[in-house]
Structure formats: C-alpha cells, structure tokens
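Worksheet: the structure to be examined is printed underneath.
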Amino acid sequence: EGKIVTIGEILVEIMATTAGNGFLEPQPLIGPFPSGAPAIFIDQVGKLGHPAGIVAAVGDDDFGTLNLERLKQDGVDVSAVAIHPGAATGSAFVRYRPDGGRAFVYNMRDSAVGRIAATPEAGTLLAAAGHLHVMGSGLPVPAIAGMVRSTLPALKARGGTVSFDPNIRREMMRDESGRAIFHSVLSVTDLFLPSGEELSLFSDEIDEAKAIAALLDAGVKEIVLKRGEAGASHFDRNGRTDMPGFVVAEVDPTGAGDCFGATFLVARRLGKSVLEALRYANAAGARTVTVQGPMEGSSSFADLDRFIAQTSVRT
Ligand code: ADP
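Per this note's numbering, the sequence shown starts with residue 513, numbered consecutively.
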C-alpha cells in the first residue's frame, strides 16, 4: 500500500499565554510550535506508523527547520518540501479572547507557502501515493488546486483513495470557481471530514440528516462529522454510528480536527471497525486539545491505547 500524501501549508504558531489585552501589550509568549493544518494531519499519520508524505514549501530559516525536523522525526517523507532561501516560513500568532474564542495574527502573505509548486519531487511523491488527503484551505491556491486536479484521476484509476477536510470559510464558497473545485473534489471523496457547521456549506439542506443523505447520494462513501467535545458521528450507506467524546480539560483546540481525521483514516486502513476507528480518532482529538501547540499532543497507537484505558467518555 502506498503513502498517505497531502499538500499545503507549513508554518509555526506562537501563542499568547494570557487572555488580557491581546497583542497590544508585551507579554510572555510560548512557541514557536510546528503548525499548518496539512502538516498537523500528516505528522499524526506518521506518528501512527503509516507511510506518509507532504508537498509543501518552507523558508531557509529556523521556523522551516523546526518543522522539517519534527516531520522527519515522526516518519514523514519531506522530500517534496521545497526550501526557498528567498522567502520566510509563515507564522501565526494566536491568543484567547476573554470570551474563550481565538484571534489570530497571520504572517503568511509573502511567506514560503506562496511558493508551493508542482516540482519534480512533488510529482514523484504524488504519482506513488496510495491516498490523497485534500485540505479545503489550500484549494484557493492555484498551484495546490492544480496538483489536486492532476493527481486525482490517476490516483483513483489505480485504486487509490481520497479524504477531504473542507476546513473552509464561507467566503470561499461564494464564487463560482471556488464552488466548482470543492464539488469536483467531493465527487471523488471516499472519506469526508467536515466539522459541525461546515456541513451546511456543501448542501442546501439545513437539516443534518438530509445534508448527509445528499452527500452520500452525490457519491461520498463515508462521512465523519466532528462534534468537538461531544465526539463524532459516522455515516455511510449502512447507517449511522455515534461515538461520544472523552472528558478532558481543553487548553488549545488547534489541530484536534486534523489529528482526529488522520487517526480515523489510518485506523480504517489498518482494518479497524468504524467503532474502533471512531474511538481512536476521538482519543487523538482529545489528547491534542490538552496541550499547547497544534502538534504537541500528537499520538502513537500506544499513547491512544493508554489514554483510552484511563479516560472516561462524556455521558
Ligand atoms: P475541528 O478542529 O476540525 O474544528 P473539532 O473541534 O470537532 O474539529 O475536533 C475534532 C475532534 O477532536 C472531535 O470530534 C473530538 O473527537 C475531539 N475534541 C475536540 N475538542 C474536544 C474537547 N474539548 N474534548 C474532547 N474531545 C475533543
């Protein structure tokens, strides 16, 4: 079986440690932590011992090195991560607002993310992939959309599979070309991984059950709806399976959905049942939120087994 491969942004995250006056005053910060949704996802795949690779771009700087070292350490193939001496690795500064929500300051506009391109190394990795994980946040980037479009037909033709985490904001679905690529990816998606409100961006149906039915009718094979602390629900032609979340103290929600998705996917590829895969995925999501830093709570199967044995589920 081939690698699980994804395409997209690598950056670092730096966090405020107080929920005071935001970044308007000096304060202790924590980080840099390796980050970027596709990077978090693929790192978790590697951590579970499954072959993994990512197409990305970083600058020739400490933030890039930090990410590359982490991914390599966790077993991810980084041969298709281009290092651009002329661009900096992107960064995101995050803080909690007093209401518990998060606010970001992004340093991405002229960062190395914009240099992601269909290099020969990317071509080699994608041509041998057994599975492509598509992140919706990357699809508005023409180079990423182009690679996704050119990879999908051959991948499907050789029996490969596709997962899709929409990870989008409503604005991305406003224009015609945005909607077109989202729907073309959806039409070849084996595993769709929306969280809560994202479901409504793909369907005219307000009702959850009807939106799910419409997606299954459109050809999506499996849907796993992420419900934060409440856990997750799985849907396919055979019906619906719910799994409650684990009870943990949340300190940093970033990365939960990506670690969840990676874990569900790998567990299923290893032949685990839907129930087992949901339990592992909920455990991976829950562990992620208990530590600061998007990748700092990533999990091996041994970590997950230990966590599941020791932690109660929400009732
Ligand atoms: P996303 O990060 O994509 O928005 P969620 O917030 O739904 O997705 O989180 C993904 C998964 O992580 C959830 O389905 C759940 O399994 C787990 N999770 C997230 N937040 C918590 C929490 N506070 N307590 C327990 N599990 C959580």
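Cβ atoms here follow ideal geometry from the backbone N, Cα and C, with glycine treated the same way. Since the model is a prediction, treat every value here as computed from it, not as a measurement.
If only uninterrupted alpha helix (DSSP H) runs of at least 4 residues are considered, those enclosed by the segment 708–759 are 720–729.
Inclusion of phenylalanine 758 in the 6 Å shell around the ligand ADP follows from its C-beta lying nearer than that to a non-hydrogen atom of the ligand. The segment 604–623 and the segment 584–591 do not touch, with fewer than three beta-carbon pairs separated by less than 8 Å. Boundaries of the alpha helix (DSSP H) around valine 801: 786–801. Rounded to the nearest whole angstrom, the CA to CA distance from arginine 686 to alanine 624 is 27 Å. Counted as a single uninterrupted DSSP element, the stretch harbouring proline 546 is not any alpha helix (DSSP H) but the beta strand (DSSP E) occupying residues 541–547. Counting only the Cα atoms, glycine 783 lies some 25 Å from alanine 725. Using a Cβ-Cβ distance cut-off of 8 Å, the segment 763–780 and the segment 549–568 are in contact, since at least three pairs of beta carbons, one from each stretch, lie closer than that value. Of the heavy atoms belonging to the ligand ADP, at least one sits nearer than 6 Å to the Cβ of valine 801.
In the three-state scheme derived from DSSP, where H, G and I count as helix and E and B as strand, valine 660 is classed as helix. Inter-residue distance for valine 778 and valine 557 is about 7 Å (C-alpha atoms, whole angstroms). Counting C-beta pairs closer than 8 Å gives fewer than three between the segment 517–524 and the segment 734–748, which falls short of the contact rule. In the structure shown, glutamate 688 falls within a helical segment according to DSSP collapsed to helix, strand and coil.
For alanine 604, the uninterrupted beta strand (DSSP E) run begins and ends at 602–608, by DSSP. For the 7 Å CB-CB criterion, leucine 541 and isoleucine 526 form a contact. Under the three-state reduction of DSSP output, aspartate 677 falls in the strand class. Within the DSSP bridge table, the entry for methionine 647 names Asp677 as partners. Taking the Cα positions, arginine 781 is about 45 Å away from glutamine 539. In the DSSP assignment, the residues bridged to leucine 523 are Ser547, Gly602. With at least 16 other beta carbons inside 10 angstroms of its own, leucine 638 counts as buried. With contacts defined as CB atoms closer than 7 Å, alanine 821 and serine 811 fail to qualify as a contacting pair.
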